[in-house]
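Residue numbers for the sequence shown, in the UniProt record's numbering: 1 to 372.
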Amino acid sequence: MTGSEPRVFHLITRLLKGGAEAKTIATVQGLDDYAFTVGYGAEYDQEQVDLLERDGIETKRFPLIRHYNPVTTVPAVLSLAQYLRRENFDIVHTHSTEAGIIGRFAAALAGVPNVVHTVHGVPFADDRSDSLNRFVLACERQAATYTDRIVTNADVIADDYLERGIGRPEQYTTVYSGVDLDAFADAQPADDLPGERPRVVMVGRLADGKGHEVLLDAVESLGDFQGSVCIVGDGPLYGSLVAAVEDRGLAEDVFLTGFRDDIPRVLAASDVLVLPSFREGTPRVITEAMASGLPVVATDIAGIPEQVEDGENGYLIPTGDSDALADRLERLLADEELREQMGVRGLKRADRFSVATMVDELDEVYQELLTE
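Set out below in structure tokens:
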């Protein structure tokens with residue numbers, strides 16, 4: 001570093017191994033003309049910290065930033081504001097709901113000249129209480145008044161936020177989440193996955209809101225079917241999902257693999273991706289599946305319809321609708337030609353979601369702010 005690069009501080013609630021973290025890390029790794037620091041809250045994965053620091057990117061932990069913990073919110077804002085005043089950053093770029101609210105309030109207190117927030121997923125969802133949704137909405141509306149640019153990973157998310165009274169149209173920019181498409185197109189299939197093909201795969205953190213129970217309901221209703229289901233990932237629901245698979249008598253059809261660091265190879269060894277989430281942004285794993293030539297069955301929410309065109313490269317279903325999920329899976333598992341046709345269409349659609357495009361567009365956002 002020459003010391004003359006603009007100083008940019010990224011703040012994310014949890015530095016784990018999810019899609020928001022992957023997008024953040026790809027951004028700071030992909031832009032050379034900035035001095036980055038990545039801040040994160042109480043929950044983190046040391047491998048992610050080590051990955052950043054090996055690349056010469058400074059990191060800073062803020063233990064008071066916690067997932068939906070109102071008790072620590074005010075102290076977190078005050079301590080972060082003190083840090084931001086001392087460090088004198090040119091841009092603060094926040095990610096995810098809690099860090100987005102805390103970080104933008106702190107940036108306002110500290111007088112940071114440029115503030116960017118990325119919405120990785122819509123936090124308002126049917127499976128959350130009305131009181132929580134109202135509280136988050138009030139915070140988002142206020143935080144938007146301290147924000148220069150709000151980056152969404154789908155046009156529909158910007159429209160949703162504007163309809164809820166969050167910010168103004170001129171604040172919004174759409175930047176699709178980027179994926180290294182070549183890593184998925186060229187991957188060799190993993191040879192150690194359990195179960196037979198055709199293989200349905202669900203990849204993601206095992207946490208509330210992802211719809212794992214919806215998938216289990218769908219599989220249970222299918223009865224005997226050709227193939228298997230792999231649930232890939234780790235998280236707080238791991239133990240309860242293992243027990244649910246056993247209790248439902250699905251242990252011969254459904255397998256939990258735990259965390260895998262070879263997702264390109266996992267997808268290359270699979271035939272259908274499912275994602276029955278209750279809340280999302282524009283999920284990276286769907287783009288990864290498209291780049292792998294897989295059809296996708298996912299919920300019709302947030303930015304997913306900008307990735308999956310119903311009936312073309314997969315199917316869209318209502319949230320919580322296990323019957324619809326079972327119906328679409330039954331069609332795909334029974335028809336190899338249909339899977340291949342949808343996979344080819346998905347490959348063509350994946351180009352707009354490359355890492356290079358994402359990084360270039362974020363660079364444009366930064367440059368516009370720095371030259372205003």
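The beta-carbon is built from N, C-alpha and C at its ideal position, and this holds for glycine as well. The structure presented is a predicted model; accordingly, all values stated were derived computationally and were not measured.
In terms of Cβ geometry, residue 275 and residue 296 form a close pair [threshold 8 angstroms].
Counting only unbroken stretches of 3 or more residues, the beta strand (DSSP E) elements lying wholly within the region 150 to 236 are 172 to 174, 199 to 203, 228 to 232, in sequence order. Nearest neighbour of residue 363 by Cα position, chosen from 31, 9, 25, turns out to be 31. Within the same chain, and ignoring the five residues on either side of residue 106 in sequence, the residues whose Cβ sits closer than 7 angstroms to its Cβ are 77, 80, 81, 84.
Close CB contacts of residue 251 within its chain, under the 6 angstroms cut and outside five residues either way in sequence, are with 245 (chain order).
A distance below 7 angstroms between beta-carbons, with the five flanking residues on each side excluded, links residue 310 to the following residues of its chain, in chain order: 316. The beta carbon of residue 136 is closer than 6 angstroms to those of 123 in its chain, skipping five residues each way along the sequence.
DSSP assignment within the region 94 to 123 yields the following whole beta strand (DSSP E) runs of 3 residues or more, N-terminal first: 114 to 119.
With the rule of 3 Cβ pairs closer than 8 angstroms, the region 184 to 194 does not count as touching the region 215 to 225. Rounded to the nearest whole angstrom, the CA to CA distance from residue 44 to residue 95 is 15 angstroms. Sequence-distant Cβ neighbours of residue 165 in its own chain, meaning closer than 7 angstroms and more than five residues away, are 141.
For residue 44, there is no enclosing alpha helix (DSSP H), as DSSP marks it with neither H nor E.
Non-local C-beta neighbours of residue 72 in its own chain, meaning closer than 8 angstroms and more than five positions away in sequence, comprise 64, 65, 66, ordered along the chain.
Taking the C-beta atoms as reference points, residue 41 is found no nearer than 8 angstroms to residue 59. The three-state secondary structure of residue 301, taken from DSSP, is coil. For residue 326, the closest C-alpha among the options 371, 53, 272, 110 is that of 272.
Taken through DSSP and simplified to helix, strand or coil, residue 34 comes out as coil. The Cβ-Cβ distance between residue 117 and residue 156 does not fall below 8 angstroms. Residue burial annotation: residue 88 is exposed, with fewer than 16 other C-beta atoms found within 10 angstroms of its C-beta. Counting only residues of its own chain and dropping the five nearest sequence neighbours on each side, residue 197 has a CB closer than 7 angstroms to the CB of 227, 271. Residue 100 holds the alpha-carbon nearest to the alpha-carbon of residue 149 among 52, 305, 181, 100. Contact annotation, residue 178 with residue 358: C-beta distance approximately 3 angstroms; criterion of less than 8 angstroms satisfied. The shortest C-alpha to C-alpha distance from residue 303 to any of 112, 283, 334, 113 is the one to 283. Proximity of the region 345 to 354 to the region 284 to 293 meets the contact definition, three or more beta-carbon pairs being nearer than 8 angstroms. Sorting 129, 269, 33, 102 by C-alpha distance to the C-alpha of residue 202 places 269 at the top. Close CB contacts of residue 308 within its chain, under the 7 angstroms cut and outside five residues either way in sequence, are with 286, 296, 298, 314, 316 (chain order). When the Cα atoms are used, residue 48 and residue 69 turn out to be separated by approximately 23 angstroms.
Annotated three-state conformation of residue 23 is helix, per DSSP. An exposed status is given to residue 145, since fewer than 16 other beta-carbon atoms sit within 10 Å of its beta-carbon.
The distance from the Cβ of residue 132 to that of residue 354 is about 35 angstroms, inconsistent with a contact at the 8 angstroms cut-off.
Annotated three-state conformation of residue 61 is strand, per DSSP. If you check the CB distance, residue 207 and residue 237 come in under 8 angstroms. The beta carbons of residue 277 and residue 209 sit closer together than 8 angstroms.
The continuous beta strand (DSSP E) containing residue 256 extends over residues 254 to 258. Note: residue 89 is not bridge-paired with any residue in the DSSP secondary-structure output.
Going by C-alpha positions, residue 129 is about 42 angstroms away from residue 56.
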